[in-house]
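Take 1 as the starting number for the sequence shown in full-length UniProt numbering and just add one per residue.
Glycine is no exception: its CB is placed at the ideal position from the N, C-alpha and C atoms.
All values reported here derive from a predicted model rather than from experimental measurement.
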Amino acid sequence: MNVVVKQVPMGESQGTRVMKNVLVATKDFNVGEVIYTELPMAAALDVDLEGTGKYCSQCFRALTGSVVRIPDDPLKSAYCSEECRDLAAYQHHSFAFGIGSLIPQEPTPPPPAPRRAAQNAFAELVRSTGRLRPLLTLRLFAHQVMSETYKLLAGVTPAPPSGLPEADTSDYTFADHVERLRFLELEAPVEEHVAMRAVFATALNTDDPAEVVTDERYDMLKGKVGYNAIGVAFGNGREDRPSKAPGLSPGGGEENKLDYEWTRTPLGTDRQVGAALYRVSSYLGHSCTPSTRPTFPKGTYELHLVASRSIMKGDELTMAYVNVDRRSDDVSAKQCLLRRCAQLAAGWRFLCKCERCLQESPTRGKDAEAVEDGAKVEDAVKRFEDAAAA
1 MNVVVKQVPM GESQGTRVMK NVLVATKDFN VGEVIYTELP MAAALDVDLE
51 GTGKYCSQCF RALTGSVVRI PDDPLKSAYC SEECRDLAAY QHHSFAFGIG
101 SLIPQEPTPP PPAPRRAAQN AFAELVRSTG RLRPLLTLRL FAHQVMSETY
151 KLLAGVTPAP PSGLPEADTS DYTFADHVER LRFLELEAPV EEHVAMRAVF
201 ATALNTDDPA EVVTDERYDM LKGKVGYNAI GVAFGNGRED RPSKAPGLSP
251 GGGEENKLDY EWTRTPLGTD RQVGAALYRV SSYLGHSCTP STRPTFPKGT
301 YELHLVASRS IMKGDELTMA YVNVDRRSDD VSAKQCLLRR CAQLAAGWRF
351 LCKCERCLQE SPTRGKDAEA VEDGAKVEDA VKRFEDAAAA
């Protein structure tokens, strides 16, 4: 893919060197060249678009004419083709919203009635709250379960091709990729935990869903979605998204800032049609003068990473998590700086210290060193990184 993940130091915390994983180019690129393309591990349309028949629920392609649907789907999802419908069934739908066997020739499929009731309750929770992250988290978990299940059945029931980057070894699993992702510490509402547990329990035909995923583990997965999800927008993005980013004036609306479902996109979350989680692109760090830009030229969720400037072999690749351009409502360069830094702090919990921010605010370097990165890594990953840094 012309890139490699490398571990680099990002500072010290309580006398210990802190490491982070970054994406590095393995060859030179000119401005406008495509560095790589990537399909997501999990994706979900914005809630106001899900089930409307305007976009494919799997690949996000705009729909015209007839659409393909799955009968009695609680989300009423629409698909552009039978291929997308079948891929959705394999990756997440069979687990999350199906009532048949999770795998072919399953000896005892889960009882359909309680399973459908749990699914309907979860779908209503998504619709009533307008929240994207619960659905995207469920699809990520479902894809992980289905991927690991088919891996165990390799040679008996082969899994459909996913289009995801292949690991260098068969020992490197879907769960390994997810484990390495950084996350925000988020706590889902009680009603979300209840709805999610019911979906898990009825899909797996168990009275104790904690055997598979605890509330704490679900919160961590949701935190991985919150930190790493990339907003998918076509062209200049849409203008009719009902969930708008909150005002970011200093000292006001802190609760709304943190509660908003931010996604990484240089157009701004308000412009997306949905969000997706990518294995490789999750390692793109932020810069207000980014070296790359995620694009979606096929009108689907297939990400094409394009060089924004000349890139040399060994350079770290970055993207803009927020709109870093000076907007019409940015009355000054300082206001633009404050806005984008407030968005980054609210969405990803770090104080930006890229070259542009340091030039526009010379004291920011010292301020940034005093603020710890709010993103976390799992304990097992941290132990590995600490050992590598020693």
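If you measure between the beta carbons of A346 and W262, is that distance less than 9 Å?
On the sequence shown, position 346 is the one that residue 346 refers to. On the sequence shown, position 262 is the one that residue 262 refers to. Yes. Within cutoff.
Locate the beta strand (DSSP E) running through G274, then write down its first and last residues.
Counted from its first residue, the sequence shown places residue 274 at position 274. Start and end: 274 to 277.
Just to check my reading of the structure: R139 and A42 have Cβ atoms closer than 8 Å, yes? What is that Cβ distance to the nearest angstrom?
In the sequence shown, counting from the first residue as 1, residue 139 sits at position 139. In the sequence shown, counting from the first residue as 1, residue 42 sits at position 42. Confirmed, about 4 Å.
Using a threshold of 9 Å, state whether the C-beta atoms of S291 and I311 are closer than that.
The sequence position of residue 291 within the sequence shown is 291, counting from 1. The sequence position of residue 311 within the sequence shown is 311, counting from 1. Remark: C-beta atoms of S291 and I311 approach each other more closely than 9 Å.
Roughly how many angstroms lie between the CA atoms of residue 393 and C84, to the nearest whole one?
Because the chain in this structure spans residues 1 to 390, residue 393 falls outside the shown range and cannot be described.
Could you tell me whether the Cβ atoms of G226 and V24 are closer together than 9 Å?
Position 226 of the sequence shown, counted from the first residue, corresponds to residue 226. Position 24 of the sequence shown, counted from the first residue, corresponds to residue 24. In this structure, V24 does not lie closer than 9 Å to G226 by Cβ.
Could you name the residues of the same chain whose beta carbon sits closer than 6 Å to that of A96, not counting the 5 residues immediately before and after it, in chain order?
Position 96 of the sequence shown holds residue 96. Beyond the five residues adjoining it in sequence on each side, A96 comes within less than 6 Å, by CB distance, of L138, A142 in the same chain, given in chain order.
Quick test of the definition: if touching needs 3 or more C-beta pairs under 8 Å, does the region 37 to 54 touch the region 261 to 278?
Result yes; three or more Cβ-Cβ pairs closer than 8 Å.
Quick one: what does DSSP say L303 is sitting in, helix, strand or coil?
To locate residue 303, count along the sequence shown from 1; it is residue 303. Three-state result, L303: strand.
Can you grab the Cα-Cα spacing for the pair L317 / K6, in whole Å?
On the sequence shown, residue 317 is found 317 positions in, with the first residue counted as 1. On the sequence shown, residue 6 is found 6 positions in, with the first residue counted as 1. Taking the Cα positions, L317 is about 11 Å away from K6.
Reference M319; option with closest CA among S361, T265, P362:
Working through the sequence shown from its first residue, we reach residue 319 at position 319. Of S361, T265, P362, the residue nearest in Cα terms is T265.
Taking the alpha helix (DSSP H) that A42 belongs to, which residues open and close that run?
The residue labelled residue 42 in the question sits at position 42 within the sequence shown. Careful: A42 lies outside any alpha helix (DSSP H), inside the beta strand (DSSP E) at 42 to 45.
Here's the rule: buried if 16 or more other CB atoms are within 10 angstroms of the residue's CB, otherwise exposed. What is N30?
Within the sequence shown, numbered from 1, the residue matching residue 30 stands at position 30. If you draw a 10 Å sphere on the C-beta of N30, you find fewer than 16 other C-beta atoms in it, and that means exposed.
How far does the alpha helix (DSSP H) with R356 in it reach, from first residue to last?
The count along the sequence shown starts at 1 and reaches residue 356 at position 356. Per DSSP, the continuous alpha helix (DSSP H) segment holding R356 begins and ends at 355 to 360.
Within 9 Å, strictly: CB atoms of S308 and C354:
Position 308 of the sequence shown, counted from the first residue, corresponds to residue 308. Position 354 of the sequence shown, counted from the first residue, corresponds to residue 354. No, Cβ-Cβ distance for S308 and C354 is not below 9 Å.
Rounded C-alpha distance that separates E378 from V178
Here residue 378 refers to the residue found at position 378 when the sequence shown is read from its first residue. Here residue 178 refers to the residue found at position 178 when the sequence shown is read from its first residue. Computed Cα separation, rounded: 10 Å.
Exposed or buried, what is A62 when buried is set at 16 or more other beta-carbons lying within 10 Å of its beta-carbon?
The residue given as residue 62 occupies position 62 in the sequence shown. Flag for A62 reads exposed.
Beta-carbon gap between K27 and G51 smaller than 9 Å
By 1-based counting over the sequence shown, the position of residue 27 is 27. By 1-based counting over the sequence shown, the position of residue 51 is 51. Result no, Cβ atoms of K27 and G51 do not sit closer than 9 Å.
From V381 to C352, what does the alpha carbon distance come to, in whole angstroms?
Locating residue 381 in the sequence shown gives position 381, counting from the first residue. Locating residue 352 in the sequence shown gives position 352, counting from the first residue. Cα to Cα, the separation comes out at about 24 Å.
Exposure label - A229; buried when at least 16 CB within 10 Å:
For the purposes of this step, residue 229 is taken as residue 229 along the sequence shown, with counting starting at 1. Residue environment for A229: buried (at least 16 other C-beta atoms within 10 angstroms of its C-beta).
Excluding sequence positions up to five away, which residues of its chain have a Cβ less than 6 Å from the Cβ of T295?
Reading the sequence shown from its first residue, position 295 is the one you call residue 295. These residues qualify, in order along the chain: H304, V306.
Limits of the alpha helix (DSSP H) - the one that E38 falls within:
Numbered from 1 along the sequence shown, position 38 holds the residue referred to as residue 38. That residue, E38, is in no alpha helix (DSSP H); its beta strand (DSSP E) goes 34 to 38.
With 16 as the cutoff for other CB atoms within 10 Å, does R340 come out buried or exposed?
Position 340 of the sequence shown holds residue 340. Result: buried.
Other residues of its chain near R383: CB distance less than 7 Å, five sequence neighbours each side excluded
Position 383 of the sequence shown, counted from the start, is the residue given in the question as residue 383. Around R383: no qualifying Cβ.
Taking T206 as the reference, give the member of Y278, P111, R293 with the closest Cα.
As a working mapping, residue 206 is identified with position 206 in the sequence shown. Of Y278, P111, R293, the smallest CA-CA separation from T206 is found for P111.
I need the DSSP call for R115, collapsed to helix, strand or coil.
Position 115 of the sequence shown holds residue 115. Of the three classes helix, strand and coil, the one that applies to R115 here is helix, per DSSP.
So, at 7 Å on beta carbons, what are the nonlocal neighbours of L337 in its own chain, with the 5 sequence-adjacent residues on each side left out?
To locate residue 337, count along the sequence shown from 1; it is residue 337. Excluding positions up to five away in sequence, the list reads C357, E360, S361.
DSSP-derived helix/strand/coil call for G374:
Position 374 of the sequence shown, counted from the start, is the residue given in the question as residue 374. Reduced to three states, the DSSP call for G374 is coil.
From the DSSP secondary-structure annotation, give me the bridge partner or partners of V3.
Residue mapping note: residue 3 aligns to position 3 of the sequence shown, counting from 1. According to DSSP, which records beta bridges pairwise, V3 is partnered with A25.
So, helix, strand or coil for A195, using DSSP?
Within the sequence shown, residue 195 is the residue found at index 195, counting from 1. In the structure shown, A195 sits in a helix (DSSP, three-state: H, G or I).
Within 10 Å of its beta-carbon, does D208 have 16 or more other beta-carbons around it, so buried, or fewer, so exposed?
Mapped onto the sequence shown, residue 208 falls at position 208. By the 10 Å Cβ count, D208 comes out exposed.
Completely contained alpha helix (DSSP H) runs for the region 62 to 114, where each covers 4 or more residues
The qualifying runs are 82 to 88.
With distances taken Cα to Cα, identify the nearest neighbour of D259 among T300, E187, L135.
Position 259 of the sequence shown, counting from 1, holds the residue named residue 259. The shortest Cα separation from D259 among T300, E187, L135 belongs to E187.
Checking 9 Å against the spacing of the C-beta atoms, do F183 and L136 come in under that value?
Position 183 of the sequence shown, counting from 1, holds the residue named residue 183. Position 136 of the sequence shown, counting from 1, holds the residue named residue 136. No; because the gap between Cβ atoms is not below 9 Å, this pair is not in contact.
Simplified DSSP state of E254, which is helix, strand or coil:
As a first step, residue 254 must be located in the sequence shown, where it is residue number 254. Here E254 scores only 47 on pLDDT, less than 50, and its place in the model should not be relied on; the value that follows carries that caveat. Three-state result, E254: helix.
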